[in-house]
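What follows is one structure encoded as structure tokens, with my remarks underneath.
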Amino acid sequence: MSTHTAPGPTTRPPVPPAGPPRSAPRAGRPGTRPHRRRGAWTSKAVVNGVLALFALYTLMPLTWLLVASTKDHGDLAGTGGFTFADFNLLANLGALFRQGDGVFARWLLNSVLYFGVGCLASTLVSTAVGFAFDKYDFRYKEKLFGLVLLGVLVPSAVLVLPQYLLASEAGLDNTYWSVLVPLLVNPFGVYLARVFSEGYVPDEVVEAARMDGAGEWRVFRSVGLPMLAPGFVTLFLFTFTASWNNFVLPLYMLSDDRLYPVTLGLAIWSKSSQQNPEFAMLTIVGSLISVVPLVIAFVCLQRFWRSGLTAGAVK
77 MSTHTAPGPT TRPPVPPAGP PRSAPRAGRP GTRPHRRRGA WTSKAVVNGV LALFALYTLM
137 PLTWLLVAST KDHGDLAGTG GFTFADFNLL ANLGALFRQG DGVFARWLLN SVLYFGVGCL
197 ASTLVSTAVG FAFDKYDFRY KEKLFGLVLL GVLVPSAVLV LPQYLLASEA GLDNTYWSVL
257 VPLLVNPFGV YLARVFSEGY VPDEVVEAAR MDGAGEWRVF RSVGLPMLAP GFVTLFLFTF
317 TASWNNFVLP LYMLSDDRLY PVTLGLAIWS KSSQQNPEFA MLTIVGSLIS VVPLVIAFVC
377 LQRFWRSGLT AGAVK
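Right, dumping it as structure tokens:
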């Protein structure tokens, strides 16, 4: 009888490595982690240095304006541009608001009316038109939108003279309406509003509101406009900044100095300072005050500004 023994476990020979063993990377060798770390720190330092230079260049005029507003006329001419002297800001502010029976305060109110209320109405009109271009289908839609884009390419300064002639024919020249009405037409605002509508307002939400019985005005007022709030604020800030710095349109339209906005009034004072040097200090202090509304608007609305700039970036 033959005995059968079970085969035992077989042992395989070890597989030799494919290549020579790698040595641990040494510090300082090219391509190692410390070198990459050094390169990253160098890149950050260069980028931060360039950003610091741009910030310094941006803040230098505002710093000079703030320092110069605290001086009197003698210190303004006898000291350095960034050198503080006797603090006379309160006296300069008093002289500013007393000049011409308080005409500077009236210029500020005119600017708030022109570029605050006017830009708010312009933003509302642009948002409604952009929403309509996005959510509605009608004949010649894209061709009409092409005309809007064509209006973006035309510089606003080119249109000032035709606008003045139209206002003169309608009897609106040298009135508040001659500045307010042109602000309502903003082709770039319509284009930007359509982009915001595509990014913020889904078509399904609009269709659901219509199925619930909401009319078209109710859809825009209760559904579209609340969802477009970040884009609305962003568009308002764009329009407000451009309009507040607008000089040419009021120069053509207005001849009564009591209707001037603050930018045009300060330009007249700056020109008068060549014959009357006291207007130089009034112009500097008035320029500082005219910057305050822009700063307040951006500080109060920066949350919406940041979210509006990222419209459509995340789907």
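Numbering of the sequence shown is given in the numbering used here, commencing with residue 77 and proceeding in unit increments. Heads up, the beta-carbon is just placed ideally off N, CA and C, and yes, glycines get one too.
Neighbour-count burial assignment, residue i, 16 or more Cβ in a 10 Å radius
i           : result
residue 321 : exposed
residue 147 : buried
residue 310 : buried
residue 253 : exposed
residue 312 : buried
residue 319 : buried
residue 392 : The displayed coordinates of the chain run from 77 to 391. Any statement about residue 392 would go beyond what the structure contains.
residue 293 : exposed
residue 262 : buried
Simplified DSSP state of residue i, which is helix, strand or coil
i           : result
residue 230 : coil
residue 190 : helix
residue 393 : An answer regarding residue 393 cannot be provided, because it is not within the stretch 77 to 391 covered by the chain.
residue 104 : The predicted model places residue 104 with a pLDDT of 49, which falls under 50 and marks its position as unreliable; any figure quoted below should be read in that light. Three-state result, residue 104: coil.
residue 378 : helix
residue 334 : helix
residue 252 : coil
residue 121 : helix
residue 147 : coil
residue 154 : helix
residue 239 : helix
residue 346 : helix
residue 205 : helix
residue 339 : helix
Where the alpha helix (DSSP H) through residue i begins and ends
i           : result
residue 171 : 165-174
residue 311 : 305-320
residue 281 : 279-287
residue 299 : That residue, residue 299, is in no alpha helix (DSSP H); it is neither H nor E in DSSP.
residue 328 : 324-329
Cut-off 8 Å between Cβ atoms - residues of its own chain near residue i, not counting five sequence neighbours on either side
i           : result
residue 363 : 141, 342
residue 145 : 165, 168, 360, 361, 364
residue 348 : 355
residue 172 : 180, 358, 361, 362, 365
residue 248 : 254, 257
residue 290 : 298, 299
residue 191 : 259, 316, 319, 320, 322, 337
Beta-carbon proximity list for residue i, same chain, < 7 Å, skipping 5 on both sides
i           : result
residue 270 : 206, 209, 210
residue 264 : 228
residue 186 : 335, 336, 337
Neighbourhood of residue i by C-beta distance below 6 Å, restricted to the same chain and skipping five residues each side
i           : result
residue 266 : 202, 205, 206, 224
residue 366 : 338
residue 153 : none
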